[in-house]
Amino acid sequence: LRRDSDGYLDGLNPEQRLAVETTEGPILVLAGAGTGKTRVLTTRIAHLISTGRARPFDILAVTFTNKAAREMKHRIGTLIGPAGEGMPWLGTFHAIGTKILRRHAELVGLKSDFTILGTDDQLRLMKQVLADQNIDEKRWPARSLSHLIDGWKNRGLTPDQVPPGEATSFAFGKGGALYTAYQARLATLNAVDFGDLLLLCLKLWRDNTDILESYQDRFRYILVDEYQDTNVAQYLWLRLLAQKRKNVACVGDDDQSIYGWRGAEVDNILRFEHDFPGATVVRLERNYRSTGHILAAASGLIAKNESRLGKTLRTEDEPGEPVTVTGAWDSEEEARLLAEAIESLQSKKHPLSEIAVLVRISAQMREIEDRFVQLGLPYRVIGGPRFYERAEIRDALAYLRVTMNVSDDLAFERIVNTPKRGLGDATLQQLHTFGRAERVPLLVAARRLCETDELKPKVRQTLRALTESFSRWARLVESQPHSEVAQTILEESGYTEMWQKDRSADAAGRLENLKEFVRSMEEFPDMAAFLEHVSLVMEASEAEGAERVSLMTLHAAKGLEFDTVFLPGWEDGLFPNQRALDESGRAGLEEERRLAHVGLTRARKRAKLSFAVNRRIHGLWSSTIPSRFIDELPAASVDVVEAPAHYSAGASRFDRNPQPFGSSYGTPGWQRAQERTQERTNANSGGRGFGASPGRRGVSSGPRQIEGELIAKSTGTPS
Ligand code: ATP
Ligand code: MG
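1173 is the number that the numbering used here gives the last residue of the sequence shown; the numbers go up by one with no jumps.
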């Protein structure tokens, strides 16, 4: 029966082969990182096609990101070659949902050219809905509502299915009603949001069983990657689609579930076995990706989690290089050491495309990017814009640019109504007309228009306040440190407040980025020098080059692999993140630990952790303690490369602050604001991190094993 002339099955181990060749019936591959789950899926597709069991269009494969879909297409292409006519339906849940909905739009009350609203448009619509119902948006922000509604959609709930207790949760019991109103608005606009892409498919299929059946017959084989991160709506969608033929293959790893905050449910793994009784469950235990030390470190770490299904991982690879831990004096030095290490790899002919830097929060990227730009190290940011291209940073920059240069019209337009001040398109139009007639920039036009009675009184008042603010800020630049001026501008303009009030998942990250932005200015003599630096960085970002270092958040790194992985910022409060530490119960901390596990297991040959002893958190210098996750790594697989004076002067680098864990960075007693002082200057002139900082005990000659210390310390369980 089998036609394996191309030998695509040859390299597989027996369990992988079982997972590929068990083509009929439900199958769940539950296995750790790097065990070849994704490879099983792609080989399975090749197998289905080349044995004639399926034609490409009989197959549906779901990936977690568009990038993963592209990679899978590429892998399948190389497996089945040009002979394979057509490609399977292959994409994210959203992409496939869209494709289906376009075909049957009229059956769910849409036209086939419906628009898919992005986050911004979705918010605008929520605001209108709130205004229609006379709900004070200051008190009940649109973002909170959107968060609430997205949550319901993730759980597969239409407005009439929201549990009564929850429907009354927002704006004095109006949550459910607002959800209904929002859906009605979407319908009149012939628009959907991301959540609808799946919900409407569910509705389509429930109301039209013939259509459901046509898809059930069409997708004779269904495959799902990264199954542990599906949410309930996605699960219901899959279950409906697979129910008839039951040829569904899901691969996942409960230890890599990192989207709980976005509604993903690991329980879907357990549900699968329940809903598809008799499913073949395959466990893969051999890791093909990482060397022994890396795997041991990752396994040792994840073993500290209590809620896991449990599994073993082994490698037949060499132990390889131990995982290294580097301590730096502060985050700037950390970035410098990291860039030096990359340059050293580069000089030994390691391709940059095989190097990745994975950070916990995007604000960490700024110093690293600046360093790369300084050195001319080509890099790309995956899964998000570069630091200075982020919306909140561009907004902040626009305020500064207008302050420094009244004729920067583009910048003015960007922020004239951000945050919302009631200076909408009509006003802007007036400014444009007036500005053109008088041949003056928009800000000057605004000033002059305020002296006339052409504007509505309310608009005039707001506009005057804004123009006066800009004049005041411009004067401040003359007399105050520029980073303080920037801080003042962001506060007085209401921009910071706009994000503080925001309840959406990414608001906190944006505020972190804004703080990082202000702080980054201190490295420049004045505002003009800073703005010039930024424009250079932005320009550099446009240069194309094939060989580049990849920079991304840990969340974006799922499923990827690199020879060398740098993992900076392993400090308590940053990673694990403070929000997870503040949470009661261990769910938050365990998700952080899974994230650390995902990070380590991206590495094939080298995993390089680092931490900074001083980091600015929420604008204040704090001395930090190395992440508890470092303590949890098995000592035998870890090397400490560079011990900062701060720690080597005491009994052990891993000595912890006696404060109880989970105490906030803001707590007096352990927050010691550190000025960037002589010490750092010394450290910098020393060339190699702590080599020259005062107080250092002895001189380290290269890597130093600290196994004894690690064991001694890691047995003491944190309180
Ligand atoms: P993750 O959980 O990180 O998504 P995964 O389980 O999907 O990992 P893959 O990405 O499929 O793992 O495989 C990891 C690496 O191991 C890849 O480089 C893959 O080509 C390789 N690999 C998988 N199976 C084998 C095998 N049988 N022989 C040789 N290499 C293999
Ligand atoms: Mg994978």
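Yeah, the Cβ is synthetic: ideal placement off N, Cα and C, and Gly gets one too. No experiment lies behind these values; they were computed from the predicted model shown.
- Message: Applying the 10 Å Cβ sphere with the 16-neighbour rule, what's the burial state of Pro1030?
- Response: Numbered from 1 along the sequence shown, position 576 holds the residue referred to as residue 1030. By the neighbour-count definition (other C-beta atoms within 10 Å, threshold 16), Pro1030 is a buried residue.
- Task: Work out the CA separation of Asn588 and Leu579 for me, nearest whole Å.
- Result: Here residue 579 is taken as the residue at index 125 of the sequence shown, counted from 1. Here residue 588 is taken as the residue at index 134 of the sequence shown, counted from 1. Leu579 and Asn588: Cα-Cα distance of roughly 14 angstroms.
- Message: Looking at the ligand ATP, does it come within less than 7 angstroms of Lys521, judged from the CB to the closest heavy atom?
- Response: Numbered from 1 along the sequence shown, position 67 holds the residue referred to as residue 521. Remark: the C-beta of Lys521 is outside contact range of the ligand ATP, defined as less than 7 angstroms to any heavy atom.
- Close Cβ partners of Arg471 (< 7 angstroms) along its chain, the five nearest in sequence each way excluded: Sequence index remark: in the sequence shown, residue 471 carries index 17 (1-based). Closer than 7 angstroms at Cβ, skipping near neighbours: Leu463.
- Query: Any residues whose CB sits closer than 7 angstroms to a heavy atom of the ligand MG? List them in chain order?
  - Reply: Qualifying residues come out as Lys491, Thr492, Asp679, Glu680, Gly1013.
- So, helix, strand or coil for Phe511, using DSSP? Counted from its first residue, the sequence shown places residue 511 at position 57. The answer is helix: DSSP assigns Phe511 an H, G or I state.
- With respect to 7 angstroms, is the separation between the Cβ of Thr857 and the closest non-hydrogen atom of the ligand ATP below this value? Position 403 of the sequence shown, counted from the first residue, corresponds to residue 857. Outside the cutoff, so no.
- Taking only the alpha-carbon atoms, compute the straight-line gap between Arg790 and Arg825 and give it to the nearest angstrom. On the sequence shown, position 336 is the one that residue 790 refers to. On the sequence shown, position 371 is the one that residue 825 refers to. Computed Cα separation, rounded: 7 angstroms.
- Message: Measuring alpha carbon to alpha carbon, tell me which residue in Met975, Glu846, Ser1004, Phe924 is nearest Tyr949.
- Response: On the sequence shown, residue 949 is found 495 positions in, with the first residue counted as 1. Put simply, of Met975, Glu846, Ser1004, Phe924 the residue whose alpha carbon is nearest the alpha carbon of Tyr949 is Glu846.
- Near Leu466, which residues of its chain fall below 6 angstroms by C-beta distance, leaving aside the five closest residues on each side in sequence? Here residue 466 refers to the residue found at position 12 of the sequence shown. Answer for Leu466: no residue qualifies.
- Same chain only: Cβ atoms within 6 angstroms of Tyr610, ignoring 5 sequence neighbours per side: Taking the first residue of the sequence shown as position 1, residue 610 is located at position 156. It is Gly, not Tyr, that sits at residue 610 in the sequence shown. Closer than 6 angstroms at the Cβ level, and outside the excluded window around Gly610, lie Val686, Ala687, Leu690.
- Message: Quick check on DSSP: helix, strand or coil for Glu996?
- Response: Translated into positions along the sequence shown, residue 996 becomes position 542. With a pLDDT of only 48 at Glu996, under 50, the local geometry of the prediction cannot be trusted, and no value is derived from it.
- Spatial distance of Leu484 from Lys527 (CA atoms): If you number the sequence shown from 1, residue 484 lands on position 30. If you number the sequence shown from 1, residue 527 lands on position 73. So the two alpha carbons sit approximately 23 angstroms from each other.
- Message: Quick check: is any heavy atom of the ligand ATP less than 7 angstroms from the C-beta of Arg762?
- Response: Within the sequence shown, the letter at position 308 stands for residue 762. Outside the cutoff, so no.
- Check the C-beta distance from Arg1002 over to Arg1070 and give it rounded, since I have them as a contact under 8 angstroms. Here residue 1002 is taken as the residue at index 548 of the sequence shown, counted from 1. Here residue 1070 is taken as the residue at index 616 of the sequence shown, counted from 1. About 28 angstroms separates the CB atoms of Arg1002 and Arg1070; that is not less than 8 angstroms, and the two are not in contact.
- Message: Taking only three categories from DSSP, how would you classify Pro1172?
- Response: Walking along the sequence shown from the start, residue 1172 turns up at place 718. Model confidence at Pro1172 stands at a pLDDT of 31, short of 50, so the residue's coordinates are unreliable and nothing is read from them.
- Mark Asn520 as exposed unless 16 or more other C-beta atoms lie within 10 angstroms of its C-beta, in which case mark it buried. For this step, residue 520 is matched to residue 66 along the sequence shown. By the neighbour-count rule (16 or more Cβ atoms within 10 Å), Asn520 is not buried but exposed.
- Best match in Pro979, Gln934, Gln697 for proximity to Ser668 [C-alpha to C-alpha]: The sequence position of residue 668 within the sequence shown is 214, counting from 1. The option with the nearest alpha carbon to Ser668 is Gln697.
- Task: Work out the CA separation of Lys565 and Gly649 for me, nearest whole Å.
- Result: Mapped onto the sequence shown, residue 649 falls at position 195. Mapped onto the sequence shown, residue 565 falls at position 111. Rounded to whole angstroms, Gly649 to Lys565 spans 18 angstroms at the Cα level.
- Query: How many whole angstroms separate the CB atoms of Asn722 and Tyr681, which I take to be in contact at a CB cut-off of 8 angstroms?
  - Reply: Counting from one through the sequence shown, the residue named residue 722 turns up at place 268. Counting from one through the sequence shown, the residue named residue 681 turns up at place 227. Rounded to whole angstroms, the Cβ separation of Asn722 and Tyr681 is 7 angstroms, and the two are in contact under 8 angstroms.
- Item | Near the ligand ATP: Ala718 beta-carbon under 7 angstroms from a heavy atom | Locating residue 718 in the sequence shown gives position 264, counting from the first residue. Of the heavy atoms belonging to the ligand ATP, none sits nearer than 7 angstroms to the Cβ of Ala718.
- Query: Is the region 915-922 in contact with the region 895-907, if contact means three or more CB pairs nearer than 8 angstroms?
  - Reply: The region 915-922 makes contact with the region 895-907, as at least three CB pairs between them are under 8 angstroms.
- Task: Note down the Cα distance separating Thr546 from Thr778, rounded to an integer number of angstroms.
- Result: For the purposes of this step, residue 546 is identified with residue 92 of the sequence shown, where counting begins at 1. For the purposes of this step, residue 778 is identified with residue 324 of the sequence shown, where counting begins at 1. Between Thr546 and Thr778, the alpha-carbon positions lie close to 36 angstroms from each other.
- Cβ-Cβ distance between Leu599 and Phe624 below 8 angstroms: The residue you call residue 599 lines up with position 145 of the sequence shown. The residue you call residue 624 lines up with position 170 of the sequence shown. Yes, these two residues count as a Cβ contact at 8 angstroms.
- Item | Any non-hydrogen atom of the ligand ATP closer than 7 angstroms to Gly461 Cβ | By one-based count along the sequence shown, residue 461 stands at place 7. No, since every heavy atom of the ligand ATP falls outside the 7 angstroms radius drawn around the Cβ of Gly461.
- Query: Exposed or buried, Gly619, counting other C-beta atoms within 10 Å across all chains shown (16 or more means buried)?
  - Reply: For the purposes of this step, residue 619 is taken as residue 165 along the sequence shown, with counting starting at 1. Gly619 should be labelled exposed.
- Taking the beta strand (DSSP E) that Tyr833 falls in, what are its first and last residues? Here residue 833 refers to the residue found at position 379 of the sequence shown. Per DSSP, Tyr833 belongs to the beta strand (DSSP E) from 833-835.
- Task: Take Lys765 as the anchor and find which of Trp543, Ala752, Pro773 has the nearest alpha-carbon.
- Result: Position 311 of the sequence shown, counted from the first residue, corresponds to residue 765. Taking only the C-alpha atoms, the option nearest Lys765 is Ala752.
- Start and end of the beta strand (DSSP E) containing Thr675? Locating residue 675 in the sequence shown gives position 221, where the first residue counts as 1. Residue identity differs from the one stated: residue 675 is Tyr in this sequence, not Thr. That run of the beta strand (DSSP E) goes 675-678.
- Query: Would you say Thr1055 touches the ligand ATP, meaning its beta carbon is less than 7 angstroms from a heavy atom?
  - Reply: Your numbering for residue 1055 matches position 601 in the sequence shown. With a cut-off of 7 angstroms, the C-beta of Thr1055 is classified as near the ligand ATP, since at least one heavy atom of the ligand falls inside that distance.
- Query: Straight-line CA distance for Ala940 to Leu854?
  - Reply: Reading the sequence shown from its first residue, position 486 is the one you call residue 940. Reading the sequence shown from its first residue, position 400 is the one you call residue 854. The alpha-carbon of Ala940 is positioned some 7 angstroms away from that of Leu854.
- Kindly list the residues whose CB is nearer than 8 angstroms to the CB of Lys491, restricted to its own chain and excluding five residues on each side of it in sequence; keep chain order. Indexing the sequence shown from 1 puts residue 491 at position 37. Taken in chain order, the residues that qualify are Val483, Ala485, Asp679, Val705, Gly706, Asp707, Leu738.
- Query: Can you name the start and end residues of the alpha helix (DSSP H) that Val1175 belongs to?
  - Reply: Outside the displayed range of the chain (455 to 1173) lies residue 1175, so it cannot be described from this structure.
- Residue from Ala1041, Ser1081, Leu1021 whose Cα sits closest to the Cα of Leu1063: Taking the sequence shown and counting its residues from 1, one reaches residue 1063 at position 609. Distance check between Leu1063 and each of Ala1041, Ser1081, Leu1021 places Leu1021 closest, using alpha-carbon atoms only.
- Message: For Ala1200 and Val1019, what's the separation of their Cα atoms in angstroms?
- Response: The first residue shown for the chain is 455 and the last is 1173, placing residue 1200 beyond what the model contains.
- Can we say the region 505-522 touches the region 547-562, given the rule of at least three CB pairs closer than 8 angstroms? Pairwise C-beta distances place the region 505-522 in contact with the region 547-562, as three or more of them are shorter than 8 angstroms.
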